[in-house]
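Residue numbers for the sequence shown follow the numbering used here, so the first one is 21 and each next one is one higher. Everything on this sheet refers to the single structure shown next.
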Amino acid sequence: MNNLKKIFCAVIVFSTAVLSGCTIKYSFSGASIAPEVKTVSIQQFQNIATLVVPSLSSQLTEALQDRFTRQTRLELVREDGDFSFEGNITNYTSTPIAVTGDEYASMNRLTVTVKVTFVNKIQPEYNFSKQFSAFEDYDSNMLMQEAEPTLLPEIIEQLVEDIFNQAVSNW
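Now the structure itself:
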């Protein structure tokens, strides 16, 4: 029994020594950002969609900037950040998604598509140029202009979430 205690103590000491040399990087935002990355620059997203909502460009840009300043340690700079984002709003559409028996739309879908170019100066293998889309559905009895104040914040939030995750969640 005495030998069993010695072996148990040896295993505990050995495990503690091995594990104390290990470090785990964890972030509540899910971000995995190299320690060398210090700055982020996010250029104004240009709205080149056929249908233009004047405030959408600034709302999307500010929401992405806010996400990085609130959920990372990165400093927001005007240009030439270690992380750099630029892009365009390429599509803004409302389409019918549910049709009633008498062939009238009962639900519509507002979709926003954004093309984003991301440059990671520290780890260029994570660079991307990609399109992101998000949508929300609304009752066809509402005009799109009536639905926008409710739908756009949700669409922007989803776009920012997807862009952020693509850029910093390397797992």
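A virtual CB, placed ideally from N, CA and C, is assigned to each residue, including glycine. Keep in mind that this is a model prediction, so the values were computed, not measured.
Would you list the residues sitting across from lysine 135 in a DSSP beta bridge?
Indexing the sequence shown from 1 puts residue 135 at position 115. According to DSSP, lysine 135 bridges with Asn108 and Gln151.
Cβ neighbours of asparagine 108 in the same chain (closer than 8 angstroms, five flanking residues each side left out)
Numbered from 1 along the sequence shown, position 88 holds the residue referred to as residue 108. Cβ-Cβ distances below 8 angstroms link asparagine 108 to Phe65, Gln66, Asn67, Ile68, Val134 and Lys135 in the same chain, with the five nearest sequence neighbours on each side left out; the list follows chain order.
Pairs of beta-carbons, one from the stretch 122-142 and one from the stretch 175-188, closer than 8 angstroms: are there three or more?
They touch, by the three-pair rule.
Do serine 104 and leucine 130 have their C-beta atoms closer together than 7 angstroms?
As a position in the sequence shown, residue 104 is number 84, starting the count at 1. As a position in the sequence shown, residue 130 is number 110, starting the count at 1. Against a cut-off of 7 angstroms, the Cβ pair of leucine 130 and serine 104 comes out as no contact.
Element boundaries [beta strand (DSSP E), containing serine 61]:
Position 41 of the sequence shown, counted from the start, is the residue given in the question as residue 61. First-last of the beta strand (DSSP E) with serine 61: 59-62.
Beta carbon of isoleucine 142, beta carbon of alanine 54: below 7 angstroms?
Counting from 1 along the sequence shown, the entry for residue 142 is found at position 122. Counting from 1 along the sequence shown, the entry for residue 54 is found at position 34. Yes, the Cβ-Cβ distance between isoleucine 142 and alanine 54 is below 7 angstroms.
Just to confirm, are leucine 171 and alanine 154 a CB contact at a threshold of 7 angstroms?
The sequence position of residue 171 within the sequence shown is 151, counting from 1. The sequence position of residue 154 within the sequence shown is 134, counting from 1. It is not a contact, given that the beta carbons lie outside the stated cut-off.
N-terminal and C-terminal residue of the alpha helix (DSSP H) that isoleucine 183 is part of:
Counting from one through the sequence shown, the residue named residue 183 turns up at place 163. It spans 164-188 - the alpha helix (DSSP H) in which isoleucine 183 sits, taken as one unbroken run.
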